[in-house]
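Visitor: Heads up: the sequence shown begins at 1 in my numbering, then just goes up one per residue.
Can you keep this structure in mind? I'll have questions shortly.
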Amino acid sequence: MAQISYTFRPGIALLGAGLWILFTAHQSMAAGSQRMTSFSLAGVPEPWTENWRIEDTLVKSGDGLKAGFFRRLPANLFIRLPGHTQGLVCFHPPSRHRAARLAARNVKISHKAQFMIIRASALKKPRGHWVLDVRVNDESLTGSIEIKGDDGWQVFAIDLSSYVGRSVDIDIEARVSSPGRASSAFIDFIEFSKAGESGHQFLTPPDKEPMAGNQLFDEHFNAFLELLRKNEEVRHFRMIDRQYMDRLYEKKRSKHK
Numbered sequence: 001m002a003q004i005s006y007t008f009r010p011g012i013a014l015l016g017a018g019l020w021i022l023f024t025a026h027q028s029m030a031a032g033s034q035r036m037t038s039f040s041l042a043g044v045p046e047p048w049t050e051n052w053r054i055e056d057t058l059v060k061s062g063d064g065l066k067a068g069f070f071r072r073l074p075a076n077l078f079i080r081l082p083g084h085t086q087g088l089v090c091f092h093p094p095s096r097h098r099a100a101r102l103a104a105r106n107v108k109i110s111h112k113a114q115f116m117i118i119r120a121s122a123l124k125k126p127r128g129h130w131v132l133d134v135r136v137n138d139e140s141l142t143g144s145i146e147i148k149g150d151d152g153w154q155v156f157a158i159d160l161s162s163y164v165g166r167s168v169d170i171d172i173e174a175r176v177s178s179p180g181r182a183s184s185a186f187i188d189f190i191e192f193s194k195a196g197e198s199g200h201q202f203l204t205p206p207d208k209e210p211m212a213g214n215q216l217f218d219e220h221f222n223a224f225l226e227l228l229r230k231n232e233e234v235r236h237f238r239m240i241d242r243q244y245m246d247r248l249y250e251k252k253r254s255k256h257k
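See the structure below:
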């Protein structure tokens with residue numbers, strides 16, 4: 001039987017040890033840059049944040065911006081606050097397949113609060129791009145909506161009427177749109193209100209008129225939207241009602257036929 005002999009060479013051994021130290025240090029730094037965290041927003045100087053948590057967010061984005069609440073952002077990020085609020089919430093999705101979430105648990109949906117109104121944005125420079133998905137009891141109500149920094153602030157009014165009288169879990173999910181893109185997610189406020197009523201008189205309706213025949217846009221709500229048209233910081237408004245959801249799921253079903 002042949003014997004195999006080994007010759008110990010200190011120089012090669014030291015080189016190997018050095019390379020291993022560099023490799024493990026690099027891995028440690030990479031893991032540190034991808035650290036994730038979750039925390040409550042209770043105590044933040046903004047009334048709507050009281051019952052919300054940020055979950056599974058990266059601690060820092062690629063541009064060094066930390067997840068959390070900001071009264072203002074660094075000027076080089078080129079994102080303007082719409083005003084009338086104390087600041088905004090920022091969180092960073094870890095990947096395309098894993099979402100960071102703004103989460104609220106056991107939210108009671110009442111007749112007086114059938115709509116959840118969300119204002120969201122991405123960085124304008126560097127150009128930001130992320131994917132929004134609003135889920136109630138783990139059911140998607142919006143599908144995947146692209147949020148682009150070039151579009152400015154966007155407002156979504158989401159119909160929760162089918163959940164009236166129930167306590168629900170709400171997750172506002174953010175996912176990476178494409179690798180290498182700045183994907184920090186910004187939420188300026190979340191509010192539950194009845195059609196035509198809001199404590200915030202600064203939402204802005206869509207560039208296009210709402211869909212004709214949509215009963216949710218009654219005269220009162222249309223007047224409300226017209227009043228809010230004055231704010232130029234928000235360029236888009238989207239009404240996500242049961243008709244929208246039915247079309248969304250019909251499209252999904254047709255793809256799988």
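Cβ coordinates follow ideal geometry from the N, Cα and C atoms, glycine included.
No experiment lies behind these values; they were computed from the predicted model shown.
#1: Taking the runs of the beta strand (DSSP E) that are 3 residues or longer, which of them lie wholly in the stretch 91-123?
#2: To which residues does DSSP link valine 89 through a beta bridge?
#3: Tell me the residue span of the beta strand (DSSP E) that contains tryptophan 153.
#4: Looking at serine 183 and histidine 129, is the spacing between their C-beta atoms short of 8 Å?
#5: For serine 193, decide whether its Cβ has a neighbour in chain B, counting only Cβ atoms nearer than 8 Å.
#6: Roughly how many whole angstroms lie between the Cα atoms of lysine 124 and phenylalanine 70?
#7: Quick check: the Cα distance between glycine 87 and serine 162, rounded to an integer number of angstroms?
#8: Can you tell me whether valine 164 is buried or exposed? The criterion is at least 16 other CB atoms within 10 Å of its CB, across all chains shown.
#9: With DSSP as the reference, label tryptophan 52 as helix, strand or coil.
#10: List the endpoints of the continuous beta strand (DSSP E) containing leucine 132.
#11: Sorted by chain position, which residues of the same chain lie with C-beta nearer than 6 Å to isoleucine 145's C-beta, five sequence neighbours on each side aside?
#12: Which of the three DSSP states, helix, strand or coil, is assigned to serine 140?
#13: Can you tell me which of the three DSSP states serine 177 falls into?
#14: Within this structure, are the beta carbons of serine 121 and glutamine 154 separated by less than 8 Å?
#15: Alpha carbon to alpha carbon, how far is histidine 92 from isoleucine 54? Give it in angstroms, no decimals.
#16: By alpha-carbon positions, which one of Ile170, Val59 and Ser140 ends up nearest to tryptophan 105?
#17: What does the Cβ neighbour count give for serine 110, buried or exposed, with the cut at 16 atoms within 10 Å?
#18: Given a cut-off of 8 Å on the beta-carbon distance, is the pair leucine 141 and valine 89 in contact?
#19: Smallest Cα separation from aspartate 151: which of Ile158, Ser38 and Phe186?
#20: Would you call glycine 149 buried or exposed, if buried means 16 or more other Cβ atoms sit within 10 Å of its Cβ?
#21: Measure the C-alpha to C-alpha separation of valine 59 and methionine 36 and round it to an integer number of angstroms.
Guide: Quick answer:
#1: Listed in chain order, the complete beta strand (DSSP E) runs (minimum 3 residues) inside the stretch 91-123 are 100-108 and 115-121.
#2: In the DSSP assignment, the residues bridged to valine 89 are Phe69 and Ile187.
#3: Note, tryptophan 153: beta strand (DSSP E), 153-159.
#4: Contact flag set, yes.
#5: Annotation note: the requested chain B is absent from the structure, which comprises a single protein chain.
#6: Between lysine 124 and phenylalanine 70, the C-alpha separation is close to 17 Å.
#7: Going from the Cα of glycine 87 to the Cα of serine 162 covers about 31 Å.
#8: By the 10 Å Cβ count, valine 164 comes out exposed.
#9: Of the three classes helix, strand and coil, the one that applies to tryptophan 52 here is coil, per DSSP.
#10: Start and end: 129-136.
#11: Excluding positions up to five away in sequence, the list reads Leu132.
#12: Note: serine 140 maps to strand in three-state DSSP.
#13: Reduced to three states, the DSSP call for serine 177 is coil.
#14: In contact: serine 121 and glutamine 154 (Cβ atoms closer than 8 Å).
#15: Between isoleucine 54 and histidine 92, the C-alpha separation is close to 10 Å.
#16: For clarity, residue 105 is arginine in the given sequence; the question names tryptophan instead. Ranking the options by Cα distance to arginine 105, first place goes to Ile170.
#17: Around the CB of serine 110, fewer than 16 other CB atoms lie within 10 Å, so the residue is classed as exposed.
#18: Taking 8 Å as the cut-off, the beta carbon of leucine 141 is found no closer than this to the beta carbon of valine 89.
#19: Comparing Cα-Cα distances from aspartate 151 to each of Ile158, Ser38 and Phe186, the minimum goes to Phe186.
#20: Of the residues assessed, glycine 149 falls on the buried side of the cut-off, its CB having 16 or more other CB atoms within 10 angstroms.
#21: Here the alpha carbons of methionine 36 and valine 59 stand approximately 5 Å from one another.
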